[in-house]
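Presented below is the structure to which this report refers.
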Amino acid sequence: MDQGKPLMNLPVFPSSNELEINEASGGSSAEGDSYMFEIAEILDQVEGKTESEEDKDQEVIIVSDSSHRSKTKASKHRKSLDICSPSSRLSSSQGFSKSPSFQSASNTNEIAYITQITSNDAIRSIYSLVSSKLPFSCSASTDFTERDKAEIQNYFQNKKCEFQDALEKEIQHRPYTPYESHKLEKAKKINNKRENKIEFISKKNQVEEIERIQNAKEVANYQFKQKIRHKIKEATLRAEKTQKIERQKKRKEIKVTHKQEKDLIIENIKNFYKDRIDLIKDKIDSEKNKKQRVDYEERVLLSQLKRENKEIKNKMLYDIKLSLEQEKRNIDRNLLELDKYEAKMLKKYKYVI
Numbered sequence: 001m002d003q004g005k006p007l008m009n010l011p012v013f014p015s016s017n018e019l020e021i022n023e024a025s026g027g028s029s030a031e032g033d034s035y036m037f038e039i040a041e042i043l044d045q046v047e048g049k050t051e052s053e054e055d056k057d058q059e060v061i062i063v064s065d066s067s068h069r070s071k072t073k074a075s076k077h078r079k080s081l082d083i084c085s086p087s088s089r090l091s092s093s094q095g096f097s098k099s100p101s102f103q104s105a106s107n108t109n110e111i112a113y114i115t116q117i118t119s120n121d122a123i124r125s126i127y128s129l130v131s132s133k134l135p136f137s138c139s140a141s142t143d144f145t146e147r148d149k150a151e152i153q154n155y156f157q158n159k160k161c162e163f164q165d166a167l168e169k170e171i172q173h174r175p176y177t178p179y180e181s182h183k184l185e186k187a188k189k190i191n192n193k194r195e196n197k198i199e200f201i202s203k204k205n206q207v208e209e210i211e212r213i214q215n216a217k218e219v220a221n222y223q224f225k226q227k228i229r230h231k232i233k234e235a236t237l238r239a240e241k242t243q244k245i246e247r248q249k250k251r252k253e254i255k256v257t258h259k260q261e262k263d264l265i266i267e268n269i270k271n272f273y274k275d276r277i278d279l280i281k282d283k284i285d286s287e288k289n290k291k292q293r294v295d296y297e298e299r300v301l302l303s304q305l306k307r308e309n310k311e312i313k314n315k316m317l318y319d320i321k322l323s324l325e326q327e328k329r330n331i332d333r334n335l336l337e338l339d340k341y342e343a344k345m346l347k348k349y350k351y352v353i
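According to the UniProt record's numbering, the sequence shown holds residues 1 to 353 in order.
The structure is reproduced here in structure tokens:
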């Protein structure tokens, strides 16, 4: 079926297949008449709708001639609905400008003719009204068992499917009226304009979308490049930092190695010269001891020599002293003799004088 917007804002086909069975609220004939009056009012309003009002409807859908005139097999529910052929229609004196209503329809042929000359939107609106409600009141009993409810529900669904198939096939196979042909041509023009506009807007949107995608791609590429640059920079900084740490580590290791080598060399030099100094000290000590021994021997010898010299000197002094004393005694004796001789001489010369 056509997916056009139903007229008069009628309820659409119910999405749920469950049927709510209300309690008895009145006779079935009165409620059925009310449905017929509603359908008749819809048809009258649809027939009285002007062409200017039809132009305002933007949601129009073109039905192709091939699909309109295509032949499909009638379903098994098609036989239950008596749709008259064009030969059994009313006379042309009634015309298309003033169509009979449901209130004036007296038989099934007239109802079928009204259905055929009615617009597709009206048929769909009638279908949406009829298929959403039960055309009678379930007043036979106030309480239904689950089995009865299921039976009523299944029967309602079957009849609703029959009604739907009949209306769909009636819409597909019946010929267009002049009003519908004019409306179809106008709808084609409107749809062509709308399609051109949609195509223009679509192309414009495609260009804008392409530009947006290109801009987004450029932005994404720029962000990707910035991200790559940032990652490269971070990787470079990490590599430089790692290299710097490695260089510092190597320098520290080299410094530690040099310090160890330096300490080892210094220790070797220290040990070498310590050994040499110890040897020299030992040699010096030995020389010193030797010298001390020599000095001691010399001192002993000197002391011995001094003692011997002293003894010799003392002996010599004693001998000299003895000799001097002897000489002094000799001198004193000589002086005494001289004094005696002088006294004699004086005495002698005194006598002489």
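The beta carbon of each residue, even a glycine, is placed where N, CA and C say it ideally should be.
Model, not experiment: these values are computed from the prediction.
Report task. Take I280 and list the residues in its own chain whose beta-carbon comes closer than 8 Å to its own, dropping the five residues that flank it on each side. Result -> Taking the first residue of the sequence shown as 1, we reach residue 280 at position 280. Once the five neighbours on either side are set aside, I280 has no close Cβ partner at all.
Requested in this report: Taking all protein chains shown into account, decide if V60 is buried (16 or more other Cβ within 10 angstroms of its Cβ) or exposed.
Outcome: On the sequence shown, position 60 is the one that residue 60 refers to. At V60, the pLDDT of 39 sits below 50, so the modelled position is not reliable; the number obtained from the coordinates is stated separately. Residue environment analysis places V60 among the buried positions, since at least 16 neighbouring C-beta atoms fall within 10 angstroms of its C-beta.
Report task. Would you mind sorting A166 into buried or exposed? The rule is 16 or more other CB atoms within 10 Å of its CB. Result -> One-based indexing of the sequence shown puts residue 166 at position 166. With 16 or more Cβ atoms within 10 Å of its Cβ, A166 is classed as buried.
Query raised in the report: From Y225 to N191, what does the alpha carbon distance come to, in whole angstroms?
Result: Here the question's residue 225 lines up with position 225 in the sequence shown. Here the question's residue 191 lines up with position 191 in the sequence shown. A quick correction: the sequence has Lys, not Tyr, at residue 225. K225 and N191: Cα-Cα distance of roughly 48 Å.
Query raised in the report: Taking the C-alpha atoms as reference points, what is the distance between S202 and T177?
Result: Residue numbering aside, residue 202 sits at position 202 when the sequence shown is read from its first letter. Residue numbering aside, residue 177 sits at position 177 when the sequence shown is read from its first letter. Annotation: S202 to T177 spans about 35 Å, alpha carbon to alpha carbon.
**Report entry** Uninterrupted alpha helix (DSSP H) stretches inside the segment 175 to 219 (no shorter than 4 residues)
**Finding:** The alpha helix (DSSP H) runs of length 4 or more contained entirely in the segment 175 to 219 do not exist; there are none.
Requested in this report: Rounded to whole angstroms, what's the CA-CA distance from K291 to L305? Just pull it up for me.
Outcome: Looking up residue 291 in the sequence shown gives position 291. Looking up residue 305 in the sequence shown gives position 305. Whole-angstrom Cα-Cα distance: 20 Å.
Report task. Would you decide whether K193 is buried or exposed? Buried here means 16 or more other CB atoms lie within 10 Å of its CB. Result -> Residue numbering aside, residue 193 sits at position 193 when the sequence shown is read from its first letter. Taking all protein chains shown into account, K193 has fewer than 16 neighbouring C-beta atoms within 10 Å of its C-beta and is therefore exposed.
Query raised in the report: If we ignore side chains and look at the alpha-carbon of each, how far apart do L336 and N330 end up?
Result: By one-based count along the sequence shown, residue 336 stands at place 336. By one-based count along the sequence shown, residue 330 stands at place 330. Straight-line Cα distance between these residues: approximately 9 Å.
Query raised in the report: Can you tell me whether A343 is buried or exposed, with buried defined as 16 or more other CB within 10 angstroms of its CB?
Result: Indexing the sequence shown from 1 puts residue 343 at position 343. By the neighbour-count rule (16 or more Cβ atoms within 10 Å), A343 is not buried but exposed.
Query raised in the report: Could you give the distance in angstroms between the alpha-carbon of Y318 and the alpha-carbon of D278?
Result: In the sequence shown, residue 318 corresponds to position 318, counting from 1. In the sequence shown, residue 278 corresponds to position 278, counting from 1. So the two alpha carbons sit approximately 56 Å from each other.
Requested in this report: Note down the Cα distance separating S131 from N154, rounded to an integer number of angstroms.
Outcome: For the purposes of this step, residue 131 is taken as residue 131 along the sequence shown, with counting starting at 1. For the purposes of this step, residue 154 is taken as residue 154 along the sequence shown, with counting starting at 1. Unreliable positioning characterises S131 in this predicted model, as indicated by a pLDDT of 49, which lies under 50. A coordinate reading is not provided.
**Report entry** Under the three-state DSSP convention, the category M144 falls into
**Finding:** Here residue 144 corresponds to residue number 144 of the sequence shown, with the count starting at 1. Residue 144 is actually Phe in this sequence, not Met. Coil, per DSSP.
Query - K239 classed as buried or exposed, judged by whether at least 16 other C-beta atoms fall within 10 angstroms - result: Position 239 of the sequence shown holds residue 239. In the sequence on display, residue 239 carries Ala and not Lys. A239 comes out exposed.
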